[in-house]
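Chains as they are written, first to last, in the numbering used here: chain A, 1024 to 1145; chain B, 682 to 829; chain C, 74 to 413. All residues carry an ideal CB built from backbone N, CA and C; glycine is no exception. Fair warning: this is a prediction, and the values are worked out from it, not measured in the lab.
Rendered as structure tokens:
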């Protein structure tokens, strides 16, 4: 696939996933935390039924960077671990596959807490 | 006030000033799309540096999490998010901000009971329900694999 | 109900007042009226909760100074704020050597404090009492909403918690302005559970209080130079005016809302307007008191509204009860209010 098209699709698909969430924010009383939960669980479910993998092949980071992609990584990790280790993989696979992102958030979060101070909102 | 609660609630919701959906969606689309392209570009750069595919997959979220964490610390992220709405919330940057902002905010209560205990007050549900969903999926996948 | 409007014998005086605000409030349309502000909103303190306490200390000191009082001239302090267990008041006023009553009335606290101070002074139980209150945007955000650096969008109906504190000294009938009547509000809950639309949650309480006031007093809104509501904001103000009009009471011409006065609502991006104990308190202390002194206003109703929820009640999805306390402030020393 042409490089430019890769970026256009990443932009379009990633942007579209954000637009769906924006509609939920504006039109419903769903809090951001609920929307994020919805996205992760939807990502797991769509990966389970084989749809999200196709979107990832097609949109690259446009599908993996949104939080549905986090669900995709969890589900894919579980699937892979089950193939390698059997049923125990259902417990080990998800967090293993997403460990880099979670550990990074924890470590950078802690470092930011050490180094910075909150300011009043504008 | 001669109006029952249900009617009043409906009345209040009806007269409430509404968000500008079209403008909000346009901003979310633009910023969200841009963040995904930054992720795509980061991946291409890591690949060009000769980093293996599995590691690139891990480095993309790490990079975006780092940028979001830094912008949160610099008091910039919330201003971008005010503009972008779901555009910064939905990408992994929103998850990072949800972890970093309570960590930063609860420093006053100490590093154990503040930062340590409160770091997942907002992002915790994502990890809980994401993991739970993936485990359920794994069990179903395993059983399905045995039967068929 | 036995008692509605409480008419005060020898209407007590608001003898002195003092206030202090944050940067955003200083930059707002009322900026020039305030006694002081802090560019950083920290007031030199390491945590936002301590910053809020410090504001109360500064505001009460300013009120005492402006009236030439020492703390031992004060027989009691009625104070409250939004933070858990009213700690902003407790810590902020800890070093004042005066009896302390902690109040919770959310954004209505200043009216509750003024009401109790003026009733006790008017009845001769106390010679002089202070009413103090505060709110700080950062401590309120932390307690009721999200961490300060959390990136979220607020809906257009949300209100902005003001950073500010004000103190009032009430003493026996001596010089204007006077508090001639008070009407304590009733807790009113019309089923709103959206913390992002507190104006709609509190408006029914203001409707209830004002309707009771006009029904009982037989007065009409146009007899007052202004009716100030505290923190109904854009949403709640519209509801109040419409509902009272439906009851045959038209306040549109004289109605002003402190939440809408404190900020440039659009320019300062505060959505539906200001809120918080410090909002109506600082507007009263700085702006309304000045207009009274200049006789641009001579007889006003000050109706501060409070939303009585907690973070736990919100998370449990409970509806938000409101309360609205009315205080009538006049410049004339006549006993008209007594005979009313």
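Min CB distance residue i to chain B below 8 Å
i              : result
residue 1103/A : no
residue 1132/A : yes
residue 1034/A : yes
residue 215/C  : yes
residue 1144/A : yes
residue 1025/A : no
residue 1029/A : yes
residue 411/C  : Low confidence applies here, because residue 411/C scores a pLDDT of 43, under 50, leaving its location unreliable and the question unanswered by this model.
residue 265/C  : yes
Closer than 8 Å to chain A by CB, residue i
i             : result
residue 791/B : no
residue 270/C : no
residue 803/B : yes
residue 180/C : no
residue 764/B : no
residue 211/C : yes
residue 222/C : yes
Where residue i falls, given that 16 or more other Cβ within 10 Å makes a residue buried
i             : result
residue 209/C : buried
residue 17/C  : Here chain C has residues from 74 to 413 only, and residue 17/C is not among them.
residue 701/B : exposed
residue 366/C : exposed
residue 98/C  : buried
residue 781/B : buried
residue 410/C : A caution first: residue 410/C carries a pLDDT of 44, below 50, which makes its placement in the model unreliable, though a value can still be read off. Per the 10 Å Cβ criterion, buried.
residue 412/C : At residue 412/C, the pLDDT of 41 sits below 50, so the modelled position is not reliable; the number obtained from the coordinates is stated separately. Result: exposed.
residue 145/C : exposed
residue 326/C : exposed
residue 316/C : buried
residue 226/C : buried
residue 125/C : buried
residue 394/C : buried
residue 113/C : exposed
residue 127/C : buried
Residue i - DSSP class collapsed to helix/strand/coil
i              : result
residue 1141/A : coil
residue 55/C   : Given a span of 74 to 413 for chain C in the structure shown, any question on residue 55/C remains unanswerable.
residue 1055/A : helix
residue 766/B  : coil
residue 72/C   : Nothing about residue 72/C can be read from this structure; chain C reaches only from 74 to 413.
residue 401/C  : strand
residue 826/B  : helix
residue 409/C  : In this prediction, residue 409/C has a pLDDT of 49, which is less than 50 and means its spatial position is unreliable; nothing more can be read from the coordinates.
residue 817/B  : helix
residue 348/C  : strand
residue 151/C  : strand
residue 85/C   : coil
residue 384/C  : helix
residue 688/B  : helix
residue 378/C  : strand
residue 754/B  : helix
residue 251/C  : strand
residue 90/C   : strand
residue 373/C  : strand
residue 116/C  : coil
residue 711/B  : helix
residue 771/B  : coil
Residue i at chain C interface by Cβ criterion, 8 Å
i              : result
residue 1141/A : yes
residue 703/B  : no
residue 758/B  : yes
residue 761/B  : yes
residue 745/B  : no
residue 689/B  : yes
residue 794/B  : no
residue 1050/A : no
residue 785/B  : yes
residue 695/B  : no
Proximal residues of chain F, C-beta to C-beta of residue i below 7 Å
i             : result
residue 225/C : No chain F appears in this structure, whose protein chains are A, B and C.
Check: Counting Cβ pairs, one atom from each stretch, are 3 or more of them under 8 Å apart for the region 91–105 of chain C and the region 133–140 of chain C?
Finding: yes
Margin query: At 4 residues or longer, what runs of the alpha helix (DSSP H) sit wholly inside the region 161–249 of chain C?
Written below: 182–195 and 210–217
Checklist line | Segments assigned alpha helix (DSSP H), at least 4 residues, entirely inside the region 254–331 of chain C | finding: 271–290 and 306–319
Item checked: the region 710–721 of chain B in contact with the region 1085–1099 of chain A per 3-pair CB rule at 8 Å -> yes
Notebook entry, point to check: Should the region 739–751 of chain B be regarded as contacting the region 795–806 of chain B, the criterion being three or more beta carbon pairs within less than 8 Å?
Noted result: no
Notebook entry, point to check: Per the contact definition of three or more C-beta pairs closer than 8 Å, is the region 248–260 of chain C in contact with the region 298–308 of chain C?
Noted result: no
Note to self: Within 8 Å, do at least three Cβ pairs link the region 363–383 of chain C to the region 180–200 of chain C?
What the structure shows: yes
Notebook entry, point to check: Using 8 Å as the Cβ pair cut-off and three pairs as the minimum, do the region 811–827 of chain B and the region 689–709 of chain B touch?
Noted result: no
Checklist line | alpha helix (DSSP H) segments (min. 4 residues) lying fully within the region 1027–1087 of chain A | finding: 1055–1071, 1075–1082 and 1084–1087
Notebook entry, point to check: For the 8 Å Cβ check, are there 3 or more pairs between the region 397–407 of chain C and the region 245–252 of chain C?
Noted result: yes
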